[in-house]
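See below for the structure under consideration.
Residue numbers (the working numbering), protein chains in the order written: chain A, 278 to 489; chain B, 278 to 489.
See below:
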C-alpha cells in the first residue's frame, strides 16, 4: 500500500486497541468465540458499533456463533502493526519520559525504545535501562543510526516544536506527543497528542456539576 | 444543580480543555480576543465546531470581533471545575503513579494528591513528596479523613477492580484509571480510562499502512 491512506476512521482504530485487549483477556481465559454485544459491553460501546468497526477489516463472525477470538486477535494485531517491531526514540528523560521508558506494555507490544535524548549534561552519557542517554546535538545521527520509526516527545512545552521540526526533517513520520503544547507538523506525519489534563478535567467537570 | 446531568457532549468537554490551554497561551502573549477559526486551527478542528462547542456555554463573541480571551478563559475554567480545589487519592506508588504524583500541571490546576496508597510494605510509612504512603488496609479511613473527591488508579490490572469497588463503596464519585483493564463501575460514578497503548497503536497502524 502506498501513501497515507487512512480509510478507517480514527475512532475505530482507537477502539481496535480496546477490543484487542479484551480479546487477549478472553484468549487467556480459554474463551474461543465472542459475540459483538459482549465486546461492546467491555468496550463501553454498542454491538452495532462493534460490527461496524470490524466490518472495515473484512467479514468476520458467523450469525449466532460470534467472532473467533483467535482469528480476530490475529487480524487486529496485524492491522495495528503489532506483528512488526518498531524502533522508538524518546525525547526527554525526565519523570514522564522515564516512566514511559520503563512501561512494560510498550515493550510487550513490540515498541523498543532504542534512543533516549536529553539536554541535561549530567544525564548525557549515563544509562537508562539498556540505553545510553545522548545529547540533543546527537539527535539527527541517533535517529539515522537507530533507524527510528517513531518518536515519543516528553520534553517541556517550550522546546518541543523545535526538536520535533528536526525529527521530521530527519525523516521520522510518527510522533507521540506528551508535551503540553500543540505541535504543528506536515500532513504526512502521523501525530497523536496525549494531554494528561484532558481526562482529569473532564472528571472535575462532572464533579462540579454535581455540587449543590 | 442536582444529580448527574451531563448535557454537554463528552467530546466537547474534552475540547474545552484544549481551548483553555490555547486561551491561556494567548493571554500570556497579550492577545485580547480570538476568532473561532484561530481557536479551531490550534485545536485541530473546524470553526463551526468551536462555535457549536462554545454555544453550550451561552452566547459569547461578537461578529467580526471574536471571543474575549479573558471572558472565555474565565468561563471555561469555571465549567471545568477549575476554580475549585480537588482532593485526590493516588492508588499505587509505582513508576506511573509516582510520575503522576509529581506532575506539576495537575497541581497548578487545583488537583491536590493528599492520599497515596500502596500495598508494598517497604513503601508504606515512607514519604512521597509531602504525603506519607499508607497501606491498602487504610484505604477507607484515608479516603474519609482526607475527604477525597477523586481517585487516580495506577495499580496493576489484576488488583484494580477490587480496590475501586472499595473506593466506590466509600463514596468517591470520580475515578481516573491508568490500570490496563476495563473497570466496571455504577452509572453514578464518573470514570475515565487512560490507555497508554491506544495512542501508540494508532501510530503503528498508520506506519504499518505506509509500508510498501
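The C-beta atom is built at its ideal place from N, Cα and C for all residues, glycine as well.
Answer yes or no: does any C-beta atom of chain A fall closer than 9 Å to that of residue i?
i: residue 435 of chain B; result: no
i: residue 369 of chain B; result: no
i: residue 394 of chain B; result: no
i: residue 290 of chain B; result: yes
i: residue 475 of chain B; result: yes
i: residue 447 of chain B; result: no
i: residue 279 of chain B; result: Model confidence at residue 279 of chain B stands at a pLDDT of 33, short of 50, so the residue's coordinates are unreliable; what they give is reported in the following sentence. Chain A, which has a Cβ nearer than 9 Å to the Cβ of residue 279 of chain B, makes this yes.
i: residue 317 of chain B; result: no
i: residue 469 of chain B; result: yes
i: residue 412 of chain B; result: no
i: residue 402 of chain B; result: no
i: residue 282 of chain B; result: Its pLDDT being 41, under 50, residue 282 of chain B is placed unreliably by the model, and the measurement read from it follows with that caveat. Cβ-Cβ to chain A under 9 Å: yes for residue 282 of chain B.
Output, in chain order, the set of chain B residues within a Cβ distance shorter than 8 Å of residue i.
i: residue 373 of chain A; result: 376 and 380
i: residue 421 of chain A; result: Ordered by position in chain B, no residue passes the 8 Å Cβ test against residue 421 of chain A, which lies about 17 Å from the chain.
i: residue 332 of chain A; result: Neighbours of residue 332 of chain A on chain B: none; closest Cβ ~17 Å, over 8 Å.
i: residue 294 of chain A; result: 472, 474, 475, 478 and 479
Counting only beta-carbon separations shorter than 9 Å, does residue i have a partner in chain B?
i: residue 343 of chain A; result: no
i: residue 478 of chain A; result: yes
i: residue 488 of chain A; result: yes
i: residue 427 of chain A; result: yes
i: residue 472 of chain A; result: yes
i: residue 351 of chain A; result: no
i: residue 335 of chain A; result: no
i: residue 303 of chain A; result: no
i: residue 313 of chain A; result: no
i: residue 406 of chain A; result: no
i: residue 307 of chain A; result: no
i: residue 355 of chain A; result: yes
Expressed to the nearest angstrom, what Euclidean distance is found between the alpha-carbon atoms of residue i and residue j?
i: residue 468 of chain B; j: residue 437 of chain B; result: 13 Å
i: residue 418 of chain B; j: residue 434 of chain B; result: 23 Å
i: residue 285 of chain B; j: residue 380 of chain B; result: 28 Å
i: residue 432 of chain B; j: residue 387 of chain A; result: 22 Å
i: residue 326 of chain B; j: residue 471 of chain A; result: 21 Å
i: residue 356 of chain B; j: residue 309 of chain A; result: 46 Å
i: residue 488 of chain A; j: residue 348 of chain A; result: 48 Å
i: residue 392 of chain A; j: residue 415 of chain A; result: 10 Å
i: residue 363 of chain B; j: residue 350 of chain B; result: 19 Å
i: residue 307 of chain A; j: residue 423 of chain B; result: 42 Å
i: residue 485 of chain A; j: residue 358 of chain B; result: 5 Å
i: residue 295 of chain A; j: residue 334 of chain A; result: 15 Å
i: residue 305 of chain B; j: residue 475 of chain A; result: 21 Å
i: residue 346 of chain B; j: residue 453 of chain B; result: 30 Å
i: residue 510 of chain A; j: residue 329 of chain B; result: No information on residue 510 of chain A is available, as it lies outside the stretch 278 to 489 that chain A covers here.
i: residue 324 of chain A; j: residue 378 of chain A; result: 36 Å
i: residue 445 of chain A; j: residue 413 of chain A; result: 15 Å
i: residue 389 of chain A; j: residue 371 of chain B; result: 21 Å
i: residue 385 of chain A; j: residue 322 of chain B; result: 34 Å
i: residue 320 of chain A; j: residue 291 of chain A; result: 11 Å
i: residue 443 of chain B; j: residue 368 of chain B; result: 12 Å
Kindly list, in the order they appear in chain B, the residues whose Cβ is closer than 9 Å to that of residue i.
i: residue 397 of chain A; result: Going along chain B, no residue has its Cβ under 9 Å from residue 397 of chain A, so there is no contact; the nearest lies around 16 Å.
i: residue 450 of chain A; result: 483, 484 and 487
i: residue 361 of chain A; result: 481, 484, 485 and 488
For residue i, count neighbouring Cβ atoms within 10 angstroms of its own Cβ and tell me buried if that reaches 16, exposed if not.
i: residue 411 of chain B; result: buried
i: residue 448 of chain B; result: exposed
i: residue 332 of chain B; result: exposed
i: residue 459 of chain A; result: buried
i: residue 343 of chain B; result: buried
i: residue 483 of chain A; result: buried
i: residue 479 of chain B; result: buried
i: residue 288 of chain B; result: exposed
i: residue 451 of chain B; result: buried
i: residue 456 of chain A; result: buried
i: residue 407 of chain B; result: exposed
i: residue 439 of chain A; result: exposed
i: residue 313 of chain A; result: buried
i: residue 317 of chain B; result: buried
i: residue 426 of chain A; result: buried
i: residue 409 of chain A; result: exposed
i: residue 421 of chain A; result: exposed
i: residue 354 of chain A; result: buried
i: residue 402 of chain A; result: exposed
What does DSSP give as the partner residue(s) for residue i in the beta ladder?
i: residue 454 of chain A; result: A:430 and A:470
i: residue 394 of chain A; result: A:368 and A:411
i: residue 310 of chain A; result: A:345
i: residue 404 of chain A; result: A:409
Check the Cβ of residue i against every Cβ in chain A and list those closer than 8 Å, keeping chain order.
i: residue 457 of chain B; result: 298 and 382
i: residue 388 of chain B; result: 477 and 481
i: residue 453 of chain B; result: 476, 477 and 480
Run down chain A in chain order and give the residues with a C-beta less than 7 Å from the C-beta of residue i.
i: residue 358 of chain B; result: 481, 482, 484 and 485
Got a sec: does the ligand MG put a non-hydrogen atom nearer than 8 Å to the Cβ of residue i?
i: residue 440 of chain B; result: With respect to the ligand MG, the structure offers nothing, as it holds no ligand at all.
Give the interface partners of residue i over in chain A, defined as CB-CB distance under 9 Å, in chain order.
i: residue 287 of chain B; result: 479
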